[in-house]
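All residue numbers for the sequence shown refer to this note's numbering, where the first residue is 73 and numbers rise by one.
Each residue gets a CB set at the ideal place from its N, CA and C atoms; glycine is no exception.
Down below is the structure, laid out as structure tokens.
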Amino acid sequence: MVLLLHVACVVVGLATTVTSAATAARLRKVLATETPFPDTLVRYFRPGANWAGRTIYGIPVFGFALLAMSQGSYDLHQAWVTAGLGIFVVVVLVAEGLLWPAERRLQASLVPLQGGRMAADDTITRDMRLMANAAMVAIVLLIAGTAIMLAQP
Numbered sequence: 073m074v075l076l077l078h079v080a081c082v083v084v085g086l087a088t089t090v091t092s093a094a095t096a097a098r099l100r101k102v103l104a105t106e107t108p109f110p111d112t113l114v115r116y117f118r119p120g121a122n123w124a125g126r127t128i129y130g131i132p133v134f135g136f137a138l139l140a141m142s143q144g145s146y147d148l149h150q151a152w153v154t155a156g157l158g159i160f161v162v163v164v165l166v167a168e169g170l171l172w173p174a175e176r177r178l179q180a181s182l183v184p185l186q187g188g189r190m191a192a193d194d195t196i197t198r199d200m201r202l203m204a205n206a207a208m209v210a211i212v213l214l215i216a217g218t219a220i221m222l223a224q225p
């Protein structure tokens, strides 16, 4: 059960990060045209924290539980465990330092745009790019961490 929860946190974290990257790309396309905001974009950029994305915090929680349950078969001194933990730390730094703050700034910036469709300014474009790039980095790191966990000795 603990392994299932550990894997579920990875899958949900990866899915929400892919969604962030795809939504940033979709926002770029919508802002480049004169079309109104689709309901899906309005819902995505509704103000509030990205709680689904925070499921990544379950990855080390259940990972440490798995280590404790291994009865000494695995420990923090093994290279693949240390690498996985290091990758997780970088993912959190990218998400908390770049991705989610850019997403929150876009939520605040896009509220007036959703109704009247005025032109997007440079800060919106910058945050949109930052959101997309940070999401892509996090995706690559999550996939790398998954590969390390699957290839463990």
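Contact under 8 Å by Cβ, residue i with residue j
| i | j | result |
| --- | --- | --- |
| residue 211 | residue 167 | no |
| residue 74 | residue 134 | yes |
| residue 23 | residue 121 | Since the first residue of the chain shown is 73 and the last is 225, residue 23 is not available in this structure. |
| residue 179 | residue 100 | no |
| residue 171 | residue 200 | no |
| residue 155 | residue 220 | yes |
| residue 162 | residue 139 | no |
| residue 218 | residue 84 | no |
Residue i to residue j span [Cα, whole Å]
| i | j | result |
| --- | --- | --- |
| residue 213 | residue 130 | 16 Å |
| residue 165 | residue 208 | 14 Å |
| residue 106 | residue 90 | 26 Å |
| residue 183 | residue 104 | 17 Å |
| residue 147 | residue 205 | 33 Å |
| residue 151 | residue 115 | 42 Å |
| residue 222 | residue 94 | 26 Å |
| residue 197 | residue 86 | 24 Å |
| residue 111 | residue 173 | 22 Å |
CB-CB length for residue i against residue j, believed under 8 Å
| i | j | result |
| --- | --- | --- |
| residue 98 | residue 113 | 7 Å |
Heavy atom of the ligand FAD within 7 Å of residue i beta-carbon
| i | result |
| --- | --- |
| residue 196 | In the structure on display, the ligand FAD does not appear, and there are no ligands present to speak of. |
* **Completely contained alpha helix (DSSP H) runs for the segment 155–217, where each covers 4 or more residues** => 172–188
* 4 or more residues per run - each alpha helix (DSSP H) lying fully within the segment 111–143 -> 111–116, 130–141
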